[in-house]
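This report refers to the structure that appears directly beneath it.
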Amino acid sequence: MEHDTDLGRLVGRKTGRVARYAGIPYALAPVGERRFRAPVPAGGWTGVRDATEPAAALPQSTSGPELVPGMAPDRIDDDSLTLTIWAPGGGTELRPVLVWIHGGSFMVGASSLPTYDATRLAADGDVVVVAMNYRLGALGFMSVGETANLGLLDQVCALQWVRDHIGAFGGDPRNVTVFGESAGGGSILHLLASPPARGLFDRAIVQSGSTGRTLSADQAAAIGEIVLAELGCTPGDVDSLARLTSAEIVAAQERATPKLFAIAGLLPFHPALDDTTLPSTPLDALRAGAARDIDLVLGVTTDEMRLFLDGPTIEPGRLHKRASRYFGLDDGATADLFDAYAALLRDTGEPSEPIDVWAALYTDKEMLVPTIAALDAHAATGGRTFGYRFDWPARPRADGLERRACHGVDIPFTFGTFDVGGWDAFVGADTDPRGAHALSAALRGAWCAFARAGDPAQEGIGPWTRYERANRPLMRLGRVCGIEADPVAARLTALAAAGVTP
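Just so you know, the sequence shown maps onto residues 1277 to 1778 in our numbering.
This is the structure we're talking about:
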């Protein structure tokens, strides 16, 4: 079907009453002199633009393991700073807009992945959904001279496009909600702290986006120097950088990555502090009230880091040494923390083997504590704040490790895409389709209700109490849904005794 916009005519693909327009350019290809520069808006086109086929992904490494299904892009192309739009037909009133920012550790991913097909979300919620591509890895998050955070600037440019042009697709530019998972959620938290992003969205839904990882300017500069050294370049060698291909840069990134872990941990390509794009960390910005006018939903899966465990067991002595280094504790304090967490797990009827204790500690330090800190900060400044924990379990791994409600398990529930890439088997929707689809409908309904009016409560889950630090109410999203009053209090108390606080 053809559709007229202020930029030109498009031909898209229709499913039911929802039209999808894929691969709409919001910025010019970041090549040549534009390689390590802020995005340049693309403008319009002549003739009829074919928007029927899924867009290509931006350049990225394809050699890593696929920890969850459906994350491998079919095509890669430099000219992929694009948007995909799902727009319901009918009616004359403008609809709420939901803008998806995909995850992938800031290194991989694409908005075009079938997992992110927003047809059901747009149809059931009667909303316009937009998904964006943004530059990844060294191409998007390596500091080169005075240039940093290009991936964030891409996201800002995409949101500016939405503000200026989404009305042609029936979307309301005065009612825009950003939502994203993992690095997409982390991107949103950094956009809340980014002056260029102010005024571009009204609400935010952050799924498993840790606030605790923002690179310092020094870290970012060191990472850039190492990658450029792999390329035989210096930050000031503009001509050489302009001549590089994306394949050469991605290859250098892969060679350099092991050297970068000592500088920045497991996510070396990540938003970094700089004077203009990101002058403060997300948590500092939230505490200063920078996002008090942005309605916020923020949550985690209950067993986030089980996705990243090495094996189904771990030797207690090795675990003790690992945890001592990780938390910076002496032997006695490490043993006390282990004992406290083992008791917590036993009290809730969960396994308390060493691997289970480590998984709980790792999850809480990396994801729960930063999330609680962000919820506390936003609520304290008067922002409308809602917290949750998602606890639908994934299937065990082939080696027997229980994944439980691990990182990423919520993705197909967000879009209702269990029939894509093996997700049905991964999350057990093949054996409990009624339960899985009911939770997906409830989650999609909550996100659309929040986008429409700033309140995620809806029939599938019931009332959703606003978050406040005094009793930290969190919505449980799983086979049973409902508000729980401070369900993480005991864990936070045990961590506080070891000096880990929100």
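Built from N, CA and C at the ideal position, the CB exists for glycine as well. Note that the coordinates shown come from a computational prediction; the quantities given were computed from them, not determined experimentally.
Tell me whether residue i sits in a helix, a strand or coil according to DSSP, three-state version.
{"i": "PHE1694", "result": "coil"}
{"i": "GLY1461", "result": "helix"}
{"i": "VAL1316", "result": "coil"}
{"i": "TYR1392", "result": "helix"}
{"i": "GLY1443", "result": "helix"}
{"i": "GLN1495", "result": "helix"}
{"i": "THR1510", "result": "coil"}
{"i": "GLY1413", "result": "helix"}
{"i": "GLU1342", "result": "coil"}
{"i": "ARG1289", "result": "strand"}
{"i": "ASP1448", "result": "strand"}
{"i": "PRO1739", "result": "coil"}
{"i": "GLY1284", "result": "coil"}
{"i": "GLY1323", "result": "coil"}
{"i": "ALA1746", "result": "coil"}
{"i": "ASP1640", "result": "helix"}
{"i": "ILE1590", "result": "coil"}
{"i": "ILE1570", "result": "coil"}
{"i": "LEU1554", "result": "strand"}
{"i": "ALA1681", "result": "coil"}
{"i": "ARG1371", "result": "strand"}
{"i": "ALA1705", "result": "coil"}
{"i": "ALA1523", "result": "helix"}
{"i": "ALA1718", "result": "helix"}
{"i": "ALA1774", "result": "coil"}
{"i": "ALA1469", "result": "coil"}
{"i": "ALA1655", "result": "helix"}
{"i": "ALA1564", "result": "coil"}
State the CB to CB distance for the pair residue i and residue j, rounded to an integer number of angstroms; the pair is presumed to be in contact (CB under 8 Å).
{"i": "PRO1630", "j": "ILE1590", "result": "5 Å"}
{"i": "PRO1345", "j": "LEU1415", "result": "Wrong, their Cβ atoms sit about 25 Å apart, outside the cutoff."}
{"i": "ALA1407", "j": "PRO1364", "result": "So it is not a contact: roughly 16 Å between Cβ atoms."}
{"i": "ARG1671", "j": "ALA1701", "result": "7 Å"}
{"i": "ALA1459", "j": "LEU1468", "result": "About 15 Å separates the two Cβ atoms, so there is no contact after all."}
{"i": "ALA1774", "j": "ALA1609", "result": "6 Å"}
{"i": "PHE1662", "j": "PRO1558", "result": "Going by Cβ atoms, the distance from PHE1662 to PRO1558 rounds to 17 Å, so no, they are not a contact pair."}
{"i": "GLU1744", "j": "ALA1655", "result": "5 Å"}
{"i": "ALA1518", "j": "GLY1697", "result": "Contact flag wrong, Cβ pair sits at about 37 Å."}
{"i": "SER1484", "j": "MET1643", "result": "7 Å"}
Taking the C-alpha atoms as reference points, what is the distance between residue i and residue j?
{"i": "VAL1703", "j": "SER1381", "result": "21 Å"}
{"i": "ARG1680", "j": "TRP1668", "result": "7 Å"}
{"i": "GLY1684", "j": "THR1639", "result": "13 Å"}
{"i": "MET1347", "j": "CYS1682", "result": "16 Å"}
{"i": "ARG1767", "j": "HIS1466", "result": "27 Å"}
{"i": "GLU1678", "j": "LEU1637", "result": "16 Å"}
{"i": "ASN1409", "j": "TRP1740", "result": "32 Å"}
{"i": "ASP1282", "j": "GLY1319", "result": "10 Å"}
{"i": "GLY1323", "j": "ILE1361", "result": "19 Å"}
{"i": "VAL1438", "j": "PHE1537", "result": "36 Å"}
{"i": "THR1510", "j": "VAL1432", "result": "28 Å"}
{"i": "GLY1340", "j": "LEU1554", "result": "29 Å"}
{"i": "ASP1560", "j": "ALA1567", "result": "11 Å"}
{"i": "ASP1762", "j": "LEU1750", "result": "7 Å"}
{"i": "ALA1635", "j": "PHE1312", "result": "38 Å"}
{"i": "PRO1709", "j": "SER1356", "result": "35 Å"}
{"i": "ILE1499", "j": "VAL1576", "result": "29 Å"}
{"i": "LEU1605", "j": "ALA1611", "result": "9 Å"}
{"i": "ALA1337", "j": "MET1383", "result": "The question names Ala, but residue 1337 is Ser in the sequence shown. Straight-line Cα distance between these residues: approximately 7 Å."}
{"i": "ARG1450", "j": "ASP1440", "result": "10 Å"}
Strictly by DSSP, which residues pair up with residue i?
{"i": "ALA1407", "result": "THR1360 and TRP1376"}
{"i": "GLY1575", "result": "GLN1483 and TYR1664"}
{"i": "PRO1617", "result": "According to the sequence shown, residue 1617 is Tyr rather than Pro. Answer is none; TYR1617 lacks a bridge partner."}
{"i": "LEU1753", "result": "PHE1666"}
{"i": "PHE1455", "result": "TRP1376 and ILE1481"}
{"i": "HIS1713", "result": "According to DSSP, HIS1713 bridges with nothing at all."}
{"i": "ASP1700", "result": "Partner(s): none; ASP1700 has no beta bridge."}
{"i": "ALA1303", "result": "PRO1317"}
{"i": "HIS1279", "result": "LEU1286"}
{"i": "THR1423", "result": "VAL1420"}
{"i": "GLU1760", "result": "LEU1750"}
{"i": "TYR1297", "result": "ILE1361"}
{"i": "GLN1734", "result": "GLY1738"}
{"i": "ILE1352", "result": "ALA1333"}
Output needed for residue i: all residues of its chain with C-beta closer than 7 Å, excluding positions within five of it in sequence on either side, in chain order.
{"i": "THR1291", "result": "THR1395"}
{"i": "LEU1719", "result": "PHE1689, THR1690 and LEU1753"}
{"i": "SER1516", "result": "CYS1509"}
{"i": "GLY1539", "result": "Per the sequence shown, residue 1539 should be read as Ile rather than Gly. Only GLN1495, ALA1498 and ILE1499 meet the Cβ criterion."}
{"i": "ARG1310", "result": "LEU1304 and VAL1316"}
Which residues in the same chain have their Cβ closer than 8 Å to the Cβ of residue i, if we skip the five residues on either side of it in sequence?
{"i": "GLU1329", "result": "ALA1298 and GLY1299"}
{"i": "ARG1794", "result": "This structure gives no information on residue 1794, because the portion of the chain shown stretches from 1277 to 1778."}
Ordered along the chain, which non-local residues of its own chain (more than five positions away) have a Cβ less than 6 Å from that of residue i?
{"i": "GLY1565", "result": "THR1657"}
{"i": "ALA1314", "result": "LEU1429"}
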